[in-house]
Amino acid sequence: MIVKNFFWLSLTQGSRILRLIAVIYAARLLGAPEYGRFAYILGLLSILALFADSGLSELLTRDIARHKDRQSEYFVASFWLKTLLIVLTAALIYALGPYVTKIEMVRPLLYLSILLMAFDNLRELLIGYLRGLQRMEIETAIIAAMNLAILLGVLLALPWQPRAQTLLIIYILGSGLAVLLAGMFSRKIFVGIFRDFRATLAREILKNSWPLAAVIGLGTLYGLDMVMLGWWRTAGEIGLYSAGQRIVQGLAIVPTLIATAIFPALSSAVQNNEQEKARAINKKALAIVSLFTVLAVAGGIIFRQPIIRLFFGPEYAPAATSFAILLASALLTFPGALLVNIILAHNEQRRVVKYAVAGTGINLILNFLLIPPLGIAGAATATAIALAVNYALVWRAANQIIKKVSRQHPDLSPD
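Okay, so the sequence shown: first residue is 2 according to my numbering, each after it adds one.
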């Protein structure tokens, strides 16, 4: 099962390259200012998704896998909670959208983005359900179809109407297609959509979801940067910042894939008290990720200008500095994904919650201080420092757990 999941997960992550190609092509075609408007919308939605999802999709995966006899009840409760949160988030965008940015031409896109927010969140919930059923092959097909649709839309439609609004509509249609496909594969679970609702279970799910939401919140730092750049800087600068960030996110596919693939085996080994096996799994994965990270960071920083120009064109050359700063933070964040696994496998996730909240708070404060004078370099520096602090704490916590396990099992060395 682990090998099967790894195979399909690899294909899922691989299909994200299609989206990356679409983004790079769109950024070159639109230019930094117009692409910056679109990137701002995605950044804002990534923050609002924290509220709209609240960890429900990830929690549903766990609950479906654990409670096979109550799958309908857990899905129905999660579905109605998600629906309520989507409606509240849509109302928030409609009411406050015009006041969150001074960038003209972005405000009309905010109302259109409500559709993308709704589709994205419904898709994630349905995929969370399918993942709980171990139907990774269906998840792969859905994500691949969505990314392919977006790529084709960008290649065929965007040249005729090279505007941020066109790109946003393409994303909405791609996400809508994914919701349609996920709904088709999940249609049987909707039989009890009214009958199986349990208010007490819904309250329990909502209570359990907030730690996951806090951890996911660390992934919204880039979105927070976009929004705060929109307060003080131009759409063009947001476009430049997003260009470098996209490359870093593309590189992050490798450690994310490895961390996700080994987690079931690592968690099982810890659960069965097979500490030698758990240590061996993580040690091998950490060696691979560390080697990849050092090579990627060194090469990226040395060749930052040629890389930016190659992918995005000469117009985006000023993004090289912020790209190098963000990439440097990968020295901690890429291997850190594996260390988070150690913490979660030992049921110490509350530590990760505290670290994520601390990292987000640091980023918020530093953005206020650094963006006005330094622009995108300030935003990149703020994010790099926040991530470094968060993952330094993660490294310390993981090391404490390893030492604790070593004391309980003297035959194991803490290396």
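Glycine included, each C-beta is placed from N, C-alpha and C at the ideal position.
| How would you call Ala150, buried or exposed, if buried means at least 16 neighbouring beta carbons within 10 angstroms? | Taking the first residue of the sequence shown as 1, we reach residue 150 at position 149. Of the other Cβ atoms in all chains shown, 16 or more fall within 10 Å of the Cβ of Ala150; this residue is therefore buried.
| message | Here's the rule: buried if 16 or more other CB atoms are within 10 angstroms of the residue's CB, otherwise exposed. What is Gly300? | response | By 1-based counting over the sequence shown, the position of residue 300 is 299. By the neighbour-count rule (16 or more Cβ atoms within 10 Å), Gly300 is not buried but exposed.
| Is Asn274 helix, strand or coil by DSSP? | Within the sequence shown, residue 274 is the residue found at index 273, counting from 1. Assigned with DSSP and collapsed to three states, Asn274 falls in coil, not helix or strand.
| Exposed unless 16 or more other CB atoms sit within 10 angstroms - verdict on Gln246 | The residue labelled residue 246 in the question sits at position 245 within the sequence shown. Under this definition Gln246 is a buried residue.
| field | Inter-stretch contact at 8 Å, needing at least 3 Cβ pairs: the stretch 35 to 44 / the stretch 150 to 169 | value | Yes: the two stretches touch, three or more of their Cβ pairs being nearer than 8 Å.
| task | Take the Cβ of Val88 as the centre, count every other Cβ of all protein chains shown within 10 Å, and call the residue buried at 16 or more, exposed below. | result | Residue 88 sits at position 87 when you count from the first residue of the sequence shown. Exposed: under 16 other Cβ atoms inside 10 Å.
| query | Which value, in whole angstroms, describes the spacing of the CA atoms of Val155 and Ala23? | reply | Walking along the sequence shown from the start, residue 155 turns up at place 154. Walking along the sequence shown from the start, residue 23 turns up at place 22. C-alpha of Val155 to C-alpha of Ala23: approximately 6 Å in a straight line.
| Mind checking whether Phe186 and Leu123 have CB atoms under 9 Å apart? | In the sequence shown, residue 186 corresponds to position 185, counting from 1. In the sequence shown, residue 123 corresponds to position 122, counting from 1. No, they are not a contact pair.
| query | Per DSSP, what kind of secondary structure is Ala145 in: helix, strand or coil? | reply | On the sequence shown, residue 145 is found 144 positions in, with the first residue counted as 1. Correct three-state label for Ala145: helix.
| First through last residue of the alpha helix (DSSP H) which encompasses Ala91 | In the sequence shown, residue 91 corresponds to position 90, counting from 1. Per DSSP, the continuous alpha helix (DSSP H) segment holding Ala91 begins and ends at Gln72 to Leu97.
| task | Indicate whether the contact test is met: 3 or more Cβ pairs, each with one atom in the stretch 278 to 286 and one in the stretch 248 to 255, closer than 8 Å. | result | Taking a cut-off of 8 Å for Cβ pairs, the stretch 278 to 286 and the stretch 248 to 255 do not touch, as fewer than three such pairs fall below it.
| said: Whole angstroms are fine: how far does the CA of Val107 sit from the CA of Gln14? | reply: What you label residue 14 is simply residue 13 of the sequence shown in a count that begins at 1. What you label residue 107 is simply residue 106 of the sequence shown in a count that begins at 1. One C-alpha to the other measures close to 30 Å.
| query | Are there three or more Cβ pairs, one per stretch, closer than 8 Å when the stretch 169 to 179 is compared with the stretch 134 to 147? | reply | Because the criterion of three Cβ pairs below 8 Å is met, the stretch 169 to 179 and the stretch 134 to 147 touch.
| request: Look at Ile248 and Ile309 and say whether their C-beta atoms are less than 9 Å apart. | output: Residue 248 sits at position 247 when you count from the first residue of the sequence shown. Residue 309 sits at position 308 when you count from the first residue of the sequence shown. Yes.
| request: Please determine, among Ile65, Val295, Arg132 and Leu340, the residue with the shortest C-alpha to C-alpha distance to Ala183. | output: Stepping through the sequence shown from its first residue, residue 183 is reached at position 182. Residue Arg132 is the option with its Cα nearest to Ala183.
| said: Quick check: the stretch 95 to 102 against the stretch 221 to 239, are at least 3 beta-carbon pairs closer than 8 Å? | reply: They touch, by the three-pair rule.
| said: Given this structure, state the Cα-to-Cα distance separating Ala260 from Ala338, to the nearest angstrom. | reply: Here residue 260 refers to the residue found at position 259 of the sequence shown. Here residue 338 refers to the residue found at position 337 of the sequence shown. CA-to-CA, the gap between Ala260 and Ala338 works out to about 6 Å.
| task | Assign Gln72 to one of two classes, buried (16 or more other C-beta atoms within 10 Å of its C-beta) or exposed (fewer than that). | result | Working through the sequence shown from its first residue, we reach residue 72 at position 71. So Gln72 counts as buried.
| task | Determine the direct distance from the alpha carbon of Ser16 to that of Ser210, and round the result to whole angstroms. | result | For the purposes of this step, residue 210 is taken as the residue at position 209 of the sequence shown. For the purposes of this step, residue 16 is taken as the residue at position 15 of the sequence shown. Looking at the two C-alpha atoms, the distance is approximately 28 Å.
| message | In the DSSP assignment, the alpha helix (DSSP H) including Val180 goes from what residue to what residue? | response | As a working mapping, residue 180 is identified with position 179 in the sequence shown. In the DSSP annotation of this structure, the continuous segment of the alpha helix (DSSP H) that includes Val180 starts and ends at Ala165 to Phe186.
| Helix, strand or coil at Ala389 according to DSSP, with G and I counted as helix | Stepping through the sequence shown from its first residue, residue 389 is reached at position 388. Three-state result, Ala389: helix.
| task | Have a look at Thr201 and Phe80 and give me their C-alpha separation to the nearest angstrom. | result | Your numbering for residue 201 matches position 200 in the sequence shown. Your numbering for residue 80 matches position 79 in the sequence shown. When rounded, the distance between both Cα atoms is 14 Å.
| said: Quick check: Thr384 and Asn364, are their CB atoms within less than 9 Å of each other? | reply: Along the sequence shown, one-based indexing puts residue 384 at 383. Along the sequence shown, one-based indexing puts residue 364 at 363. Yes, the pair counts as a contact, with Cβ atoms nearer than the cut-off.
| message | Just verifying my parser: in three-state terms, what is the DSSP assignment at Ile419? | response | Residue 419 lies beyond the stretch modelled for the chain, which goes from 2 to 416, so this question has no answer here.
| field | Three-state class that DSSP yields for Trp233 in the structure shown | value | Stepping through the sequence shown from its first residue, residue 233 is reached at position 232. Annotated three-state conformation of Trp233 is helix, per DSSP.
| task | Give the C-beta separation of Leu241 and Ala320 to the nearest angstrom, bearing in mind that I take them to be a contact with Cβ-Cβ under 8 Å. | result | Mapped onto the sequence shown, residue 241 falls at position 240. Mapped onto the sequence shown, residue 320 falls at position 319. With 8 Å as the limit, Leu241 and Ala320 qualify as a contact, their Cβ atoms being about 4 Å apart.
| said: Is Leu60 close to chain C? Criterion is C-beta to C-beta, closer than 9 Å. | reply: Chain labels in this structure do not include chain C; a single protein chain is all it has.
| task | Figure out for me which residue from Phe304, Ser291 and Arg63 has the closest Cα to the Cα of Gln135. | result | Against the sequence shown, residue 135 aligns to sequence position 134. For Gln135, the nearest C-alpha among the options comes from Arg63.
| Under 9 Å, do Leu1 and Tyr41 count as touching if we go by C-beta distance? | The chain is shown from 2 up to 416; residue 1 falls before or after that span and cannot be answered.
| For Arg280, which three-state DSSP category applies? | Your numbering for residue 280 matches position 279 in the sequence shown. In the structure shown, Arg280 falls within a helical segment according to DSSP collapsed to helix, strand and coil.
| request: Using 10 angstroms around the beta-carbon of Arg305, count the other beta-carbons present and answer buried if the total reaches 16, otherwise exposed. | output: Position 304 of the sequence shown, counted from the start, is the residue given in the question as residue 305. Burial call: buried.
| said: According to DSSP, is Ser135 part of a helix, a strand, or is it coil? | reply: As a working note, residue 135 is residue 134 in the sequence shown. Strictly speaking, residue 135 in this sequence is Gln, with Ser absent from that position. It is coil, neither helix nor strand.
| request: Output the boundary residues of the alpha helix (DSSP H) element that contains Asp64. | output: Start at 1 with the first residue of the sequence shown, and residue 64 comes out as number 63. DSSP places Asp64 in the uninterrupted alpha helix (DSSP H) bounded by Leu57 to Arg67.
| If you run the structure through DSSP and keep just helix, strand and coil, what is Leu159? | Taking the first residue of the sequence shown as position 1, residue 159 is located at position 158. In the structure shown, Leu159 sits in coil (DSSP, three-state: anything other than H, G, I, E or B).
| query | Roughly how many whole angstroms lie between the Cα atoms of Asn400 and Leu57? | reply | Residue mapping note: residue 400 aligns to position 399 of the sequence shown, counting from 1. Residue mapping note: residue 57 aligns to position 56 of the sequence shown, counting from 1. For Asn400 and Leu57, the gap between their C-alpha atoms comes out near 30 Å.
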